[in-house]
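Q:
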Amino acid sequence: MRRFTLEPEQEPPEGGADDNLTLDYEDELNEQQHAAATAGGGPVLVAAGAGTGKTRTLIYRLAYLVETGTRPQEIALLTFTRRAAREMTARAADLLDGRCRDVRGGTFHAFCLKLLRRHAPKLGFDRSFSILDASDAGDVWGVLRTRKNYHKGEKRFPNKRTLQKIGSKATNRDLALEKLLNDEYPQFAAFTDEIRKLRGDYRQYKEQHDLMDFDDLLVHALRLCEEHDDVRERIAGRCRHVLVDEYQDTNVLQAELVKHFASVHGNVMVVGDDAQSIYRFRGADFRNIFRFPDEHEGTRVLKLEQNYRSTQTILNLANHVIEQANRSYDKELFSEGKPEGDRPALVPAPDANTESRFVAQMALELREQGVPLNRIAVLFRSGYNSYDLETELNRRGIPFVKYGGMKLNEAAHIKDLTAHLKVLDNPQDAASWNRVLQLLHGIGPKTARDLINWLTDEDASREPYTLSDDWSYSSRYIEALKELFSTLHSIYEADTPLAEQVETLVRYYEPIMEDKYHEDFPKRQPDLEHFVALADNFSDRTDFLASLALDPIELSALGAEPSEDDEAPLILSTIHSAKGLEFHTVFLIQALEGVLPSGYSLGDADALDEELRLLYVAITRAEENLFASYPMTSYRRRRGEYMTDPSRFLSDVPDEILEPCRLVEGDPPNDNESEETLPPASGDGAIGGDDELPF
DNA sequence: CAGACTTTACTTTTT
DNA sequence: GTAAAGTCTG
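Going by our numbering, the first sequence opens with residue 85, and the numbers climb by one from there.
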């Protein structure tokens with residue numbers, strides 16, 4: 085017999101021999117960054133303060149690994165958003181002319197999805213299982229809740245949305261239902277047994293119908309690793325290096341997953357900042373970052389401390405704010421190589437619209453000074469905090485994009501349309517059938533339920549999307565149902581490209597939408613076209629639906645497609661969505677008690693601390709200027725106009741750190757520097773020449 | 001039983 | 001401004 089000898093695989097050279105490297109890591113990075121980027125194998129924890137070049141370090145880390153012989157496919161880069169993953173791999177690819185492009189990366193959820201698509205049968209699921217987003221999941225809870233008639237009881241039973249939240253929290257925090265209910269939902273503690281039963285039903289339902297919600301992606305990936313050693317080894321074998329960004333925002337499940345992914349090669353680097361943990365509400369636990377060294381033996385802890393982003397005056401405020409926390413954070417940020425800068429300003433405005441005018445005017449002034457609009461961000465706690473500003477910006481024709489608002493797939497008409505696609509993708513998906521059927525005239529909750537029972541009948545071996553003889557349809561809806569089925573069936577049979585399928589559905593759905601939303605049909609209609617265009621980027625329906633769920637499109641970003649010569653837009657963003665980004669100037673609006681900190685957090689010290697960290701994140705986004713503003717009066721439907729209080733986190737900050745300012749209406753008078761002037765209150769003709777800008 | 005209509009309560013942040 | 005629950009009518 086002939087023998088072949090395989091040459092041993094070439095081991096990547098460990099650091100040191102930097103002669104062959106194309107990048108000068110020592111020159112491009114500071115000492116601490118360099119240490120992190122070129123660290124050898126084994127577990128490494130990088131504790132990085134805000135603005136210390138964390139992203140830059142990770143990018144150079146990627147480049148370094150690839151340059152020293154790790155194949156990009158064997159690097160797993162786990163980030164918090166897809167945007168972050170894309171940006172990072174693209175920037176690393178730029179450094180090494182494309183060589184980093186094949187790094188495997190994405191969110192935990194997306195990464196797990198890929199694993200599960202491959203291995204789902206081992207867990208009793210079909211490979212083509214569908215994904216439920218939070219609202220789909222809520223719909224399933226709703227179906228089960230009605231089925232059990234819990235809503236008819238004497239006392240108020242939690243609604244489907246709340247049930248979904250409760251279930252998800254218990255899963256993500258790995259918490260007993262009873263404890264969660266007692267601690268956080270005492271008003272529903274009496275229903276513990278019912279909710280537990282319902283949760284069992286929910287789990288069973290998903291298994292029977294090949295559905296996974298967001299949490300299941302983590303839970304089942306974990307099961308895969310725990311119950312199938314061979315699979316775990318195969319997966320982990322392909323993770324020669326695991327890199328995790330924003331580790332302070334991982335939950336218990338994700339921390340476990342990281343351990344499994346690194347279980348073969350043991351090369352895992354996590355980067356994070358406990359002071360920036362802002363996802364407690366979805367089960368994140370900043371303590372993960374402290375536990376990491378205990379869980380991974382031989383962890384080296386590296387620190388990034390020098391801040392390159394912000395001026396010292398901005399950092400003074402950040403440091404002062406974070407000191408108010410119950411827990412202490414050991415990092416004191418100091419600025420490196422930046423001028424002192426202007427003091428951050430605290431700007432009270434008489435009302436929300438004045439606040440909006442202030443922001444709009446300042447943004448335009450900065451723009452005149454040569455700061456591009458997309459280097460200016462307006463940050464706020466919740467999506468609705470910017471409504472007034474959006475109106476004001478529209479009125480002035482200032483272009484903007486908003487992150488963290490309504491998503492395309494959350495709009496009712498898009499959900500209707502997607503439900504049809506889901507039913508095509510998975511005829512067992514009762515929640516989607518429920519939505520689809522109830523769009524038809526003559527079908528309400530009861531009829532829909534009966535029809536669904538028949539449609540999703542397990543042993544039914546009939547051709548899908550066809551009517552059956554042994555069912556008595558009412559004449560009330562039979563015509564509509566026939567049309568629905570013939571549309572679905574034609575798509576099912578024809579196997580046309582996805583975009584055409586969607587096109588067909590749009591043509592079917594449009595009249596229904598016109599009827600259902602006739603008052604704002606014109607506003608919604610363009611979205612349907614966008615949706616078709618979106619589908620055109622995918623060839624596989626299941627992929628399209630998964631991407632829609634895991635990588636939702638900002639509704640506002642769709643309307644304004646960036647044509648080349650359009651000016652870059654002003655950035656409006658929730659603080660959460662602004663994580664990891666930096667801007668020349670930051671306006672923090674609605675810095676109000678009850679908003680930031682949110683009214684929901686007031687009773688709970690831990691929750692309050694998280695609100696404080698949120699403020700800290702907002703402040704540390706700013707490079708040069710920071711304006712925190714709030715309206716002194718506000719308006720709410722029931723209460724009418726009322727007086728507000730500024731955020732407790734900002735009201736007691738010494739003047740040397742946060743400069744109190746005053747807004748003055750009217751003509752620009754004296755040169756008092758602490759006063760910003762506004763043009764006279766609007767009305768149509770009142771806008772001065774300064775405001776008529778060449779947009 | 002569906003659907004139009006009314007009343008009521010609630011509305012964070014994201015994968 | 002919306003979604004869920006309640007009420008009335010055909």
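Each residue gets a CB set at the ideal place from its N, CA and C atoms; glycine is no exception.
Quantities reported herein were computed from a predicted structural model and do not represent experimental measurements.
With distances taken Cα to Cα, identify the nearest neighbour of residue 694 among 188, 264, 371 and 137.
A: Out of 188, 264, 371 and 137, 371 has the C-alpha closest to the C-alpha of residue 694.
Q: Quick one: give me the first and last residue of the beta strand (DSSP E) that residue 748 is part of.
A: 746-749
Q: Run through DSSP, which three-state label would residue 422 get?
A: DSSP, read as helix, strand or coil, puts residue 422 in coil.
Q: Going by the CB atoms, is the gap between residue 347 and residue 324 shorter than 8 Å?
A: no
Q: CB-CB under 7 Å to residue 150, same chain, minus the five flanking residues each way: which ones, in chain order?
A: 156, 180, 183 and 184
Q: Buried or exposed: where does residue 355 fall if 16 or more other Cβ atoms within 10 Å of its Cβ makes it buried?
A: buried
Q: From the DSSP output, in three-state form, read off residue 353 for me.
A: strand
Q: Have a look at the DSSP bridge pairing and note the partners of residue 394.
A: Residue 394 is not bridged to any residue.
Q: Ignore the nearest five residues each way along the sequence and tell me which others in residue 427's own chain have a CB closer than 6 Å to its CB.
A: 397 and 743
Q: State yes or no: is the C-beta of residue 447 within less than 8 Å of the C-beta of residue 654?
A: yes
Q: Kindly indicate which residue of 741, 713, 320 and 306 has the alpha-carbon position closest to the one of residue 729.
A: 713
Q: Shortest alpha-carbon distance to residue 637 belongs to which of 558, 485, 423 and 703?
A: 485
Q: On the DSSP bridge list, what partners appear for residue 712?
A: 430 and 672
Q: Which same chain residues, not among the five before or five after residue 87, have their C-beta less than 8 Å away from its C-beta?
A: none
Q: When you compare only the Cα positions, how much space is there between residue 513 and residue 311?
A: 27 Å
Q: Which two residues bound the contiguous alpha helix (DSSP H) that contains residue 536?
A: 529-539
Q: What are the boundary residues of the beta strand (DSSP E) that includes residue 128?
A: Its beta strand (DSSP E) spans residues 127-132.
Q: Kindly indicate the opening and closing residues of the beta strand (DSSP E) around residue 718.
A: First-last of the beta strand (DSSP E) with residue 718: 717-720.
Q: Can you name, in chain order, every residue of its own chain whose Cβ lies under 8 Å from the Cβ of residue 519, other than the five neighbours on each side?
A: 223, 499, 500 and 503
Q: Residue 338 and residue 308 - do their beta-carbons sit closer together than 8 Å?
A: no
Q: Taking the beta strand (DSSP E) that residue 296 belongs to, which residues open and close that run?
A: 295-297
Q: Give the single residue among 726, 136, 109 and 662 whose Cα lies nearest to the Cα of residue 419.
A: Among 726, 136, 109 and 662, the Cα nearest to that of residue 419 belongs to 136.
Q: Below 8 Å on the Cβ atoms is my guess for residue 159 versus residue 146; work out the distance and round it to an integer in Å.
A: Yes, they are in contact, since the Cβ atoms of residue 159 and residue 146 sit about 7 Å apart, within 8 Å.
Q: For the stretch 400-419 against the stretch 358-371, are there 3 or more C-beta pairs whose distance is under 8 Å?
A: yes
Q: Measure how close the beta-carbons of residue 399 and residue 391 come, nearest whole angstrom, since I'm counting them as under 8 Å.
A: 6 Å
Q: Residue 385 by DSSP, collapsed to three states: which one?
A: Three-state result, residue 385: strand.
Q: Where does residue 549 land, buried or exposed, given buried means 16+ other C-beta within 10 angstroms?
A: buried
Q: So, do the stretch 368-387 and the stretch 327-341 have three or more beta carbon pairs nearer to each other than 8 Å?
A: yes
Q: Quick one: give me the first and last residue of the alpha helix (DSSP H) that residue 224 is part of.
A: Bounds of the alpha helix (DSSP H) holding residue 224 are 218-231.
Q: What does residue 160 pair with, by DSSP beta-bridge criteria?
A: Beta-bridge partners assigned by DSSP to residue 160: 188 and 326.
Q: Can you look up residue 481 in the DSSP assignment and give me helix, strand or coil?
A: coil
Q: List the DSSP bridge partners of residue 460.
A: 669
Q: Which residues mark the beginning and the end of the beta strand (DSSP E) in which residue 654 is found?
A: Residue 654: member of the beta strand (DSSP E) spanning 654-658, first to last residue.
Q: For residue 491, which option in 611, 442, 454 and 472 has the closest C-alpha, if you only look at C-alpha atoms?
A: 611
Q: Need the endpoints of the alpha helix (DSSP H) that residue 288 sits in, please.
A: 276-292
Q: Near residue 474, what residues of its chain come up, given a Cβ to Cβ distance below 8 Å and the 5 sequence neighbours on each side ignored?
A: 484, 486 and 656
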